[in-house]
Amino acid sequence: MGKIKTTFREKVGYGFGDMSSSMFWKIFSYYLPFFYSNIFGLTLDQVGLLLVVTRIWDAVSDPMMGILADRTETKWGKYRPYLLLMAVPFALSGIFLFSTPDASATMKLVWAYVTYIMMMTVYTGINVPYGAMLGVMTDDSEAKTVLSSYRMFFAYGGSFIALFCWEPLCNALGGYGTPAGWQHAMIVIAILCLILFLLCFRMTKEKVKPEATGSVGNDFKSLLRNAPWWLLVGAALCSNLFNTVRGSTIAYFFNDVISQDAHLNLGPLSFVFYAGLFLSIGEVCNMIGVALAVPFSKALGKKSTYIISLAALIVLSISFFYVPVTAYWMMIVLQIAISIFTGIISPLVWSMYADVADFAEDRDGSSSTGLIFSSGSMAQKFGGAFGGAAVMWMLAGFGYNPDAAVQTASAVNGLKILMSWIPAAVAALSIIVMSFYPLTTRKMEDIQKNLSVKRNIEQ
């Protein structure tokens, strides 16, 4: 009995899927709050409430999608068909989300709720099955980490493209400060995302046939008594909080703290220092971190690598608070280091969800891969929502005024705290949670041996 491998084509194809998702997700996480408050015309309190209230539906839709995907049977497999089915709605929903209707304040608020809920529902419909595919493309824990690394490498590549081009696209297609500029820029991104998901469908294949799925009730019972799942969801939620708090603050930080004519000088060359450049540098360095995740986790184990990376993030985040607002290169250095360590963590999370699914199948004899991976999507969206809402409410508490030409000293200091101390506190909480995670490398080797026998896999 041997372990099922994946080809280079399949790894690249799988990466295209999260390249698409991440292009949307990073723009939503980093620019949507700014869009709502400074372009669309909502108040900070309205934005914060919107981001939290809409998560109530996600608490239902994510596990529902996981259950549905687990019970889907087609010639293309359980999860892969949804990439084809949901690709067009995914692209259209993104365009609607960044469209500003010519309507009353009340109707605009209604539009914001409807389009945001629609986007997150469609995101669930394509991203939960996509994530679950990791559990059925190979049965080898280390190979899952490699596959997850390809996924995150391409995800950060997509994020780099989207974030680096976002502000220039808005400026070129109507203006960064206009609703038309944001809508037209999203149309360009949405078309690219559609193509990438279609390529992902074309280039991948489900190879592992897990044990039959049990009843919905039994799947939920298995999930609720799955201690590694609870711990991983908690750690993943904190990781997404860390990224979202920093990321959604950056647009405000650059708009109100960094000089509008700030430049990075490199010898005879000079570059405009803007939020998109700062964020896209981070995405490139995230890709470096992803490349390091496999050798580090192989040498240290996934759990130890995760915790060490979090500890580094605490130190680096706190250091950002003490950087002078004119020390642009020092900010870049810290952004590079922080992004490398968040890049190391990201593929580990999804690989560990696959391990948790194997743990559940080995213990309970029933596959609920889609349900388990739906929690990954839910943690991502809850982390994004609560992180984004917390930023809105704290900005209001610090006295931030979207209409002010110059922010108060309290608001500026609040922006610095949101870039440093608060993410550091979230990383510390994640370390506490992850320290209890029980699925070590040796434990997973035993589980894979058991499952190999049960599935009767032959090379």
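In my numbering, the protein residues as written are 23 to 481.
Think of the CB as a built atom: it goes at the ideal place given N, C-alpha and C, for glycine as much as any other residue.
Boundaries of the beta strand (DSSP E) harbouring Leu-288: 285-288, taken from the DSSP string. The stretch 168-182 and the stretch 287-294 do not touch, with fewer than 3 CB-CB distances between them shorter than 8 Å.
Note that the C-beta distance between Tyr-350 and Phe-275 is not below 9 Å. Shown here, Ser-292 sits in a strand according to DSSP, grouped into three states. By the criterion of a C-beta distance shorter than 6 Å, Ala-446 is surrounded in its chain by Ile-336, Ser-339, Ile-340, once the five residues flanking it on both sides are discounted. Using a 10 angstroms sphere on the CB of Ile-78, the tally of other CB atoms stays under 16, which defines it as exposed. The beta carbons of Asp-278 and Val-434 sit closer together than 9 Å.
Note that the stretch 388-403 touches the stretch 82-96; at least 3 beta-carbon pairs, one per stretch, sit closer than 8 Å. Of the other Cβ atoms in all chains shown, fewer than 16 fall within 10 Å of the Cβ of Gln-282; this residue is therefore exposed. Distance between Gln-402 and Ile-454, taken at the CA atoms: about 19 Å. Within the same chain, Cβ atoms closer than 6 Å to the Cβ of Ala-109 are found at Leu-216, Phe-219, Leu-220, the five residues on either side in sequence being excluded.
In the three-state reduction of the DSSP assignment, Lys-227 falls in the coil class.
For Val-337, the secondary structure class from DSSP, reduced to helix, strand or coil, is helix.
Under the three-state reduction of DSSP, Gly-196 is assigned to coil, being neither helix nor strand. In the DSSP assignment, Ser-432 falls within the unbroken alpha helix (DSSP H) covering 431-440. Residue environment: Asp-425 is assigned as exposed (fewer than 16 neighbouring CB atoms within 10 Å of its CB, all protein chains considered). The C-beta of Asn-265 has 16 or more other C-beta atoms within 10 Å across all chains shown, which makes the residue buried. Taking a contact to require three or more Cβ pairs closer than 8 Å, the stretch 394-413 and the stretch 151-159 qualify as touching.
Per the C-alpha coordinates, the member of Tyr-135, Ser-83, Thr-96 positioned closest to Ile-148 is Ser-83.
Of the candidates Asn-193, Phe-381, Tyr-52, Ile-444, Phe-381 places its Cα closest to the Cα of Pro-460.
In the structure shown, Gln-282 adopts coil according to DSSP, grouped into three states. Inclusion of Leu-185 and Val-210 in the CB contact set at 9 Å is not warranted, their separation being larger than that value.
Under the three-state reduction of DSSP output, Tyr-422 falls in the coil class, being neither helix nor strand. For Ile-26, no alpha helix (DSSP H) run applies, since DSSP gives it neither H nor E. A contact is defined here as three or more CB-CB pairs under 8 Å, and the stretch 196-207 fails this definition with respect to the stretch 99-115. DSSP places Ile-61 outside any alpha helix (DSSP H), giving it a letter other than H or E. With 16 or more other Cβ atoms inside 10 Å of its own Cβ, Ala-379 counts as buried. In this structure, Leu-131 keeps its C-beta atom at 9 Å or more from the C-beta atom of Leu-54. Contact between the stretch 311-323 and the stretch 162-171 is present: 3 or more CB-CB pairs across the two stretches fall below 8 Å.
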